[in-house]
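Chemist: Positions 6 to 352 (the numbering used here) are the ones given, in order, by the sequence shown.
Heads up, the beta-carbon is just placed ideally off N, CA and C, and yes, glycines get one too.
Please read these numbers as outputs of a predicted model, since none were measured by experiment.
Sharing a structure below in structure tokens format, with a few things to ask.
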Amino acid sequence: MRLLVTGGCGFIGTNFVYMMLEKHPDMVIVNLDKLTYAGNRFNLLPLEERLGGSRYHFVHGDIGNAELAAHLISAYKIDAVVNFAAESHVDRSIADCSPFVRTNVLGAQTLLDVARRLGVPKFVHVSTDEVYGTLGPTGKFTEDTPLAPNSPYSASKASADMICRAFYETYGYNVCITRCSNNYGPYQFPEKLIPLMIRNIIGQQPLPVYGDGLNVRDWLHVKDHSAAVETVLRRGAPGGVYNIGGNNEWRNIDIVNLVCDLLDNRLGRPAGTSRGLVTFVKDRPGHDRRYAIDATRMRNELGWEPSCTFEQGIGETIDWYLANQEWVGEVTSGAYRDYYRKMYGGR
Ligand code: NAD
Ligand code: DAU
């Protein structure tokens, strides 16, 4: 199979590309990434060194560039597109919505349009559970839950979902939408809750918990999300929408305390030390109270289910961040970008 993966230098894309190329010796991946602050080409450097020019091709570019997308699809005889590329952080969307509309709506529409025109047999659009809005204390999102996005980020993702739906209904285009809950694991940019807390605990900095800390998220390891995306790629029905989740709900404050305790133990600090860093701060505007995913369709129709327990996954994730503090320093300090410019010129 010859895949065009977009946003492959981000958190989930990186994990997906590694998984696919390791699992499938005959797979070819073209990774189209704009390298925003969240994209790091060097995440995949080992693949560039081992498989560059044969089974792995990195292309620096924007999914909103129709000519480039058309060229890649034709030149590499692409069988399927998996679209991860996005602006992904809710807080940034509150500060400025424009890049979210440009990439998540117009970029996705452009890519979809080119893929359909050129007859790419399958398109998987990676969306999010945030398009459903928020839940009260009970119940779960199903694929039939009406879309009710509350943040500029989720509104931009919901818009793209609607365009995907329209492409199936209008043109019969073979597009699938996945809607996953919160991911955790290696290579997540430290602006997101878990890696931010890990970084601040290591550096003994305050741990900013929004509002009362009682908002609930449903956490899934990124390798289980990656496997689910592959499942939809291979077996998803045309026009199909698939919820993906770990059945693993946590209140934010509980997850922060858990990460504190696991790190205190690993760093040889007295029990309870890092919990003292927790600082309740002003709430995120429009903060969704609770997400929970009903992934019955993925299990019953496509045979997917999560394989990684949270206990195992969170421990491995903390160990990865402890072993990769240089990576964290580079992506957060801008040193990576300076290095990149020096290595590759003005891109
Ligand atoms: P990320 O922010 O870590 O990575 C996004 C990647 O997209 C980066 O490599 C960036 O350079 C690239 N990109 C951004 N704009 C681009 C453009 N115009 N053209 C080409 N590349 C561009 O995001 P992530 O957490 O890996 O999320 C990937 C996808 O999964 C997103 O679509 C997101 O909405 C969705 N998702 C994320 C989660 C989560 O918990 N992180 C959960 C469900 C769904
Ligand atoms: O549900 C899927 C979504 O999960 C994805 O679509 C998004 O791309 C991804 O960023 C994530 O969105 P969240 O807003 O849920 O993730 P975030 O890590 O930003 O926040 C998780 C929870 O923690 C949320 O309730 C806000 C809270 N939080 C977050 C940060 C960064 C804090 O309390 N303090 C913080 O500093």
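Ignoring anything shorter than 4 residues or poking outside the region 75–103, list the alpha helix (DSSP H) runs there in chain order.
Modeler: List check, alpha helix (DSSP H) in window: 95–100.
Chemist: For ligand 1, any of its heavy atoms closer than 7 Å to the Cβ of Ile68?
Modeler: It does: the Cβ of Ile68 is within 7 Å (strictly closer) of some heavy atom of ligand 1.
Chemist: Quick test of the definition: if touching needs 3 or more C-beta pairs under 8 Å, does the region 22–42 touch the region 230–244?
Modeler: Short answer: they touch.
Chemist: Applying the 10 Å Cβ sphere with the 16-neighbour rule, what's the burial state of Met167?
Modeler: Burial call: exposed.
Chemist: Can you grab the Cα-Cα spacing for the pair Val319 / Tyr176, in whole Å?
Modeler: The identity of residue 319 in the sequence shown is Ile, whereas the question assumes Val. Near 43 Å, if we compare the C-alpha coordinates of Tyr176 and Ile319.
Chemist: Here's the rule I'm using: 16 or more other beta-carbon atoms within 10 Å means buried, otherwise exposed. How should Gly12 be labelled?
Modeler: That one is buried.
Chemist: Going by C-alpha distance, which of Arg302, Leu263 and Asp229 is nearest Trp255?
Modeler: When each option's Cα is compared against that of Trp255, the closest is Leu263.
Chemist: Please go through the region 179–206 and give each complete alpha helix (DSSP H) segment of 4 or more residues, from N-terminal end onward.
Modeler: Segments of the alpha helix (DSSP H) lying fully in the region 179–206: there are none.
Chemist: Which class does Lys287 belong to by DSSP, given the choice of helix, strand or coil?
Modeler: It is coil, neither helix nor strand.
Chemist: Pair every Cβ in the region 158–165 with every Cβ in the region 85–100, then say whether three or more of these pairs are closer than 8 Å.
Modeler: Judged by Cβ distances under 8 Å, the region 158–165 makes contact with the region 85–100, as three or more pairs qualify.
Chemist: If you follow the beta strand (DSSP E) that Asp223 is in, where does it begin and where does it stop?
Modeler: From DSSP, the beta strand (DSSP E) with Asp223 extends over Val221 to Asp223.
Chemist: Give the C-beta separation of Arg295 and Gly141 to the nearest angstrom, bearing in mind that I take them to be a contact with Cβ-Cβ under 8 Å.
Modeler: 7 Å between Cβ atoms; contact.
Chemist: Regarding Pro142 and ligand 2, is the C-beta to nearest heavy atom distance less than 7 Å?
Modeler: Pro142 Cβ: outside cutoff for every heavy atom of ligand 2.
Chemist: Could you check if Val131 belongs to the surroundings of ligand 1, using beta carbon to heavy atom distance under 7 Å?
Modeler: Yes.
Chemist: Looking at C-beta atoms only, is the number of pairs between the region 286–293 and the region 200–210 that lie closer than 8 Å three or more?
Modeler: No, the region 286–293 does not touch the region 200–210.
Chemist: Can you round the beta-carbon distance between Val214 and Thr284 to whole angstroms, since I take them to be within the 8 Å contact cut?
Modeler: Sure, about 7 Å apart at Cβ, within 8 Å.
Chemist: How far does the beta strand (DSSP E) with Trp255 in it extend, from its first residue to its last?
Modeler: Per DSSP, Trp255 belongs to the beta strand (DSSP E) from Glu254 to Arg256.
Chemist: Out of His29, Asn70, Ala90 and Ala43, which has the shortest C-alpha to C-alpha gap to Tyr61?
Modeler: Checking every option, the nearest Cα to that of Tyr61 belongs to His29.
Chemist: Would you grab the beta carbon distance between Ala85 and Pro126 for me? Rounded to a whole angstrom, and I think it's under 8 Å.
Modeler: About 6 Å; that satisfies the 8 Å criterion.
Chemist: Kindly list the residues whose CB is nearer than 6 Å to the CB of Gly190, restricted to its own chain and excluding five residues on each side of it in sequence; keep chain order.
Modeler: These residues qualify, in order along the chain: His226, Val227 and Thr322.
Chemist: Taking the beta carbon of Gly241 as the centre, do at least 16 other beta carbons fall within 10 Å, making it buried, or is it exposed?
Modeler: Buried, by the Cβ-count rule.
Chemist: Is Asn329 near ligand 1, in the sense that its beta carbon is under 7 Å from a heavy atom of that ligand?
Modeler: No.
Chemist: Ala163 and Val136 - do their beta-carbons sit closer together than 8 Å?
Modeler: Closer than 8 Å, so yes.
Chemist: Closest by CA to Lys82, which one among Ile34, Ser312, Phe16 and Glu331?
Modeler: The candidate whose alpha carbon is nearest that of Lys82 is Ile34.
Chemist: Ignore the nearest five residues each way along the sequence and tell me which others in His94's own chain have a CB closer than 6 Å to its CB.
Modeler: Contacts found: Glu196.
Chemist: Buried or exposed: which applies to Glu331, given that a residue is buried once 16 or more other Cβ atoms fall within 10 Å of its Cβ?
Modeler: With fewer than 16 Cβ atoms within 10 Å of its Cβ, Glu331 is classed as exposed.
Chemist: Does ligand 2 have a heavy atom nearer than 7 Å to the CB of Tyr296?
Modeler: At least one heavy atom of ligand 2 is nearer than 7 Å to the Cβ of Tyr296, so yes.
Chemist: In the DSSP assignment, find the unbroken alpha helix (DSSP H) run with Asp324 in it and report its ends.
Modeler: It spans Phe315 to Ala328 - the alpha helix (DSSP H) in which Asp324 sits, taken as one unbroken run.
Chemist: With DSSP collapsed to three states, give me the class of Val129.
Modeler: Residue state, collapsed to three classes: strand.
Chemist: Would you identify the three-state DSSP class for Asp31, choosing helix, strand or coil?
Modeler: Coil at Asp31, not helix or strand.
Chemist: Indicate the three-state DSSP secondary structure (helix, strand or coil) for Tyr173 in the structure shown.
Modeler: Helix at Tyr173.
Chemist: Kindly identify the DSSP beta-bridge partner or partners of Arg7.
Modeler: Arg7 pairs with Val33.
Chemist: Here's the rule I'm using: 16 or more other beta-carbon atoms within 10 Å means buried, otherwise exposed. How should Arg352 be labelled?
Modeler: Only weak support exists for where Arg352 lies, its pLDDT of 40 falling under 50; the coordinates are left without a value.
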